[in-house]
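Under the numbering used here, the first residue of the sequence shown is numbered 40, with each subsequent residue one higher. Just so you know, even glycine gets a beta-carbon here, dropped at the ideal spot from N, CA and C. Below is one structure, written out as structure tokens; the observations come after it.
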Amino acid sequence: MTSYKIALLPGDGIGPEIIAEGRKVIDAASECFGFGVDWVPYDNGAEKYLATGELITEDTLKEIKDSCKAIYLGALGDPRCRPGILEKGILLKTRFYFDQFVNLRPIKLLEGASCPLKGKGPKDIDFTVIRENTEDFYVGIGNRAGIGNSKQELEVVRSMYKVKFGLDIETDGSEIAYQIGVMSRKGAQRVIRYGFELAKKEGVDKAHFVDKANVLSDIYGFWRETVDEVSKEYPQITPEYMFVDAITMWFVKNPEWFKVVITPNMFGDIITDLGAMIQGGLGLAPGGNINPDGVSMFEPIHGSAPKYKGQNVANPLATIWAGAMMMKEIGQEKTHGAIVSAIETIIKEGKVRTKDMGGRNSCSQMGDAVASRVRELAS
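Shown next as structure tokens:
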């Protein structure tokens, strides 16, 4: 029997509760479809950081790389910690270490889910956003400079390249802050190619590419240039460009236009939250951080919601759906299909609903319902 080692990072707030339900559903599916899952837990999160000052170490990441097929993450964030410390020190560090250069977000309205768009249904909202996940303005380099003269050195290190910036700053009249975005030819090529390959696999003849090249012409003009270059490999698929502000408008007005959307890092972060709302809310929004040839990580896109910690009221469906994506990535296609179908059936029936869905069922009751339905679908 095939067995997979999966690194389990429950994280903070509601993270442990929702991850427990995702694990419950995957364990049920593994029994039905004849494979094994060996969960390897790691306690990296706020509690460990507050007690020891440790985030996630190179040794831990190497251990995961050497032994695990994928990573299943709950949520990160705690008001007791300085804003961004857990996200940068754990989430982004993990993404960069494993070179998870694709952020994959299905924007799919399941039958029965509540949609805020008048007149739109499941047939209208069914597309995928592919977000570049390691570059752009999220490389994490920037600083402040006070009035006067200063020198600063900044560095970006990736698997494909290393970049150093040596800055001579002369400031007169006001302190400044700055952030540097970086996009490489190789980094853009690989995520653009991933998008074209998905469009090819799904049999669509158009892929949409997002940027703001009319204002930030250097970095996003470079993006467009690279799209044009890669598109020559896919003559059957037409690339269509959209500015980020325009695509947010069309997501709302005509979501049925879209099937595959490819975007640089920062804009992808923005538009996928809008996508979450039109597909029924953050409780139904899964995500994957993908390295097609390495270790990928799967998580709900919502936060840790610390005020609901330990109350057993969180909606685990985004986490369960992220687990389904993880199963698909490691080769368990039937499991992916069964879990998503089970989620949709539960939503459509409306008998089990968590607080955010207007119901009174608990997090664990929702997990039980999905696990039970997976068993029924597999029988």
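In this structure, the CA atom of ASN293 is about 45 Å from the CA atom of THR99. In this structure, PHE135 lies away from GLU171, with their beta-carbon atoms at least 8 Å apart. Contact check for PRO303 and TRP262: beta-carbon distance about 6 Å, within the 8 Å limit, so the pair qualifies. For LYS240, the enclosing alpha helix (DSSP H) starts and ends at 224–241.
Counting C-beta pairs with one atom in each stretch, the stretch 315–332 and the stretch 85–96 have fewer than three that are closer than 8 Å, which means they do not touch. Short of 7 Å from the beta carbon of SER401, and not among the five residues preceding or following it, lie these beta carbons of its own chain, in chain order: ASN351, VAL352. Per DSSP, ARG263 is one residue of the alpha helix (DSSP H) stretching across 256–270. Runs of the alpha helix (DSSP H) spanning 4 or more residues and lying entirely within the stretch 377–417 occur at 402–417, in chain order. For THR41, the CB contacts under 6 Å within the same chain, skipping 5 residues up- and downstream, are PHE74 in chain order. In the structure shown, ARG134 falls within a helical segment according to DSSP collapsed to helix, strand and coil.
The stretch 124–134 and the stretch 146–166 do not touch, with fewer than 3 CB-CB distances between them shorter than 8 Å.
In this structure, the alpha-carbon of ILE385 lies about 7 Å from that of ALA408.
If you compare the alpha carbons of GLU56, VAL76, ALA67 with that of ILE369, the shortest gap goes to VAL76. Short of 8 Å from the beta carbon of VAL243, and not among the five residues preceding or following it, lie these beta carbons of its own chain, in chain order: ILE276, LYS298, VAL299. At a cut-off of 4 residues, not a single continuous stretch assigned as alpha helix (DSSP H) sits fully inside the stretch 318–357. TRP78: not part of any alpha helix (DSSP H); member of the beta strand (DSSP E) spanning 75–80, first to last residue.
When DSSP states are grouped into helix, strand and coil, GLU93 belongs to the coil group.
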